[in-house]
Amino acid sequence: MTTNPVLPPKAPIYVTQPFLPPLEEFMPSLRAIWDAKVLTNGGPFHQRLESALAEYLGVRHIALFTNGTLGLLTALQTLRVSGEVITTPYSFAATAHSLLWNGLKPVFADIDPLTLNLDPDQIEAAITPQTTAIMPVHCYGTPCDVDRIQRIADTYGLRVIYDAAHAFGVKHQGDSVLNRGDLSVLSFHATKVFTTVEGGAIVCPDARTKQRIDYLKNFGIADEVTVMAAGINGKMNEIQAAFGLMQLEHVDRFIARRGQIAAHYRRHLSGVKGIRVLDVPAHTVANHSYFPIFVDEQYGLSRDALYERMRSRGVHARRYFYPLLSEMPMYRGLPSAARDRLPNARLAAQQVLCLPIYPALEDLDVQRVIDLIVER
Ligand SMILES: *Cc1c(COP(=O)(O)O)cnc(C)c1O
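This is how it looks when you write it as structure tokens:
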């Protein structure tokens with residue numbers, strides 16, 4: 001008698017998956033919170049996480065937020081940014097939305113086709129008398145051209161706020177990339193390299209700025225009887241902070257495992273016709289937060305066709321960033337959103353596919369993703 005073995009269906013693979021250690025590991029912290037009955041407003045876990053992160057990241061001051069978007073909103077308020085802000089169309093909605101929420105005008109400039117970060121020449125060309133700041137993104141954790149951006153900012157008297165949502169732990173020329181510009185904003189969302197479930201932070205260079213940020217994230221309350229500005233409620237709570245301290249114990253291992261996966265993809269996909277991988281620039285310690293590939297016409301399938309094919313086989317890659325911010329209804333009427341001004345961003349939005357990468361992804365699954373791309 002012959003039986004037809006029915007292979008079990010393969011579990012779907014998503015682009016990312018948070019790492020959750022055994023629940024027991026979190027219990028002592030929860031118990032401490034229960035015992036202390038301090039749930040938020042800068043409690044002991046909040047303070048411990050701020051110190052631990054400042055040390056881990058190699059930055060002077062860090063202010064925790066309940067999410068990265070409120071960090072971006074508050075960073076702009078901290079520096080009293082006004083008028084026009086030059087930013088990238090190739091990012092997540094929160095980057096440009098933080099400008100609209102502050103009544104600022106986003107001005108999109110095109111990206112460099114190799115790094116996918118703002119092109120300094122395009123930044124300079126977009127400056128007008130109304131420009132007061134630049135908000136670049138270290139896209140996929142690749143450091144921006146921070147030296148040139150700073151030179152432009154110094155020449156024209158502009159502020160620089162980095163959306164560093166992808167750049168946790170990234171080093172550039174031996175120093176944290178978060179120390180560049182006036183402020184850097186991190187996201188600790190569950191999809192990021194380091195997570196507090198939802199969460200974020202502003203990195204700043206001095207204690208006075210940190211003080212202002214701490215007021216602004218607590219309604220602007222300076223003391224019992226003084227409200228110094230129309231601040232927002234952006235405070236991280238104790239449960240989030242405790243979760244972050246637990247994640248921090250593992251983060252080096254996570255990043256190392258991500259690096260192995262990235263190396264595996266790189267080895268097997270670099271030679272595939274029509275597929276290009278993003279280079280890690282020299283003098284950079286990467287965090288391997290994403291693994292984008294470019295699918296061009298030589299591949300034989302369009303990026304979208306490959307995306308659909310992978311999906312039908314249970315592999316959920318993501319088209320980050322598509323559509324461009326400049327194509328969204330709230331931005332597409334801006335003069336700087338005109339399609340012919342952003343050719344590099346448009347091509348990237350058409351070609352890039354981010355492959356699954358997360359610490360628990362096993363070698364066999366990495367190979368399954370690679371096979372789907374190589375097979376065609
Ligand atoms: C994730 C992300 C954000 C927003 O962070 P949240 O913590 O989800 O609010 C902002 N910018 C970029 C580029 C991101 O990827």
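The opening position of the sequence shown corresponds to residue 1 in UniProt numbering, with each subsequent residue numbered one higher.
For each residue, glycine too, the CB sits at the ideal point set by N, CA and C.
Here the structure is a predicted model, which means the values were calculated and not measured.
- For the 8 Å CB-CB criterion, T69 and S98 form a contact.
- Comparing C-alpha distances from G58 to each of K10, L104 and P205 shows the shortest one belongs to P205.
- For N218, the beta-bridge partners assigned by DSSP are N233.
- P292 has C354 as its beta-bridge partners, per DSSP.
- No residue range can be given for I127, since it is assigned to no alpha helix (DSSP H) and is classified by DSSP as neither H nor E.
- Contact annotation: the segment 109–129 touches the segment 340–349, with at least three C-beta pairs closer than 8 Å.
- In the structure shown, P12 adopts coil according to DSSP, grouped into three states.
- In the three-state reduction of the DSSP assignment, P44 falls in the helix class.
- Taking all protein chains shown into account, L20 has fewer than 16 neighbouring C-beta atoms within 10 Å of its C-beta and is therefore exposed.
- Only exposed fits T226, as fewer than 16 other CB atoms lie within 10 angstroms of its CB.
- Annotation: the continuous beta strand (DSSP E) that includes I86 extends over E84 to T87.
- Shortest Cα-Cα distance from K217 to any of I13, I232, K210 and R208 involves I232.
- Each of A164, T131, G199 and M228 was checked against the Cα of V146, and the nearest Cα belongs to A164.
- Rounded to the nearest angstrom, the Cβ distance from V366 to H264 is 5 Å, consistent with a contact under 8 Å.
- Short of 8 Å from the beta carbon of L245, and not among the five residues preceding or following it, lie these beta carbons of its own chain, in chain order: S29, F45, R48, L49 and A52.
- The Cβ-Cβ distance between N102 and Q130 does not fall below 8 Å.
- In the three-state reduction of the DSSP assignment, F243 falls in the helix class.
- Each residue's CA atom was taken as its position, placing F194 and I127 some 35 Å apart.
- For V352, the closest alpha carbon among the candidates A337, D340, Y358 and Y320 is that of Y320.
- Residue range G68 to T78 is occupied by the alpha helix (DSSP H) that includes G68.
- In this chain, the alpha helix (DSSP H) harbouring A94 covers A93 to L100.
- Judged by the Cβ position, F92 qualifies as a neighbour of ligand 1 at the 7 Å threshold, a heavy atom of the ligand being closer than this.
- Comparing C-alpha distances from S176 to each of I152, Y162 and H189 shows the shortest one belongs to Y162.
- Under the three-state reduction of DSSP output, L183 falls in the strand class.
- Judged by their CB atoms, E238 and G83 are not nearer to each other than the 8 Å cut-off.
- Closest in C-alpha terms to G181, from the list F168, D279, E249 and L158, comes L158.
- In terms of side-chain proximity, the C-beta atom of E198 is found nearer than 7 Å to a non-hydrogen atom of ligand 1.
- Distances from the alpha-carbon of A96 to those of P143, L23, R257 and L325 put L325 closest.
- Around the C-beta of D119, 16 or more other C-beta atoms lie within 10 Å, and the residue is accordingly described as buried.
- The straight-line gap separating the alpha-carbon atoms of D279 and P292 is approximately 10 Å.
- If the five residues before and after V38 are omitted, its C-beta is found closer than 8 Å to the C-beta atoms of P44 and E238, all from its own chain and listed in chain order.
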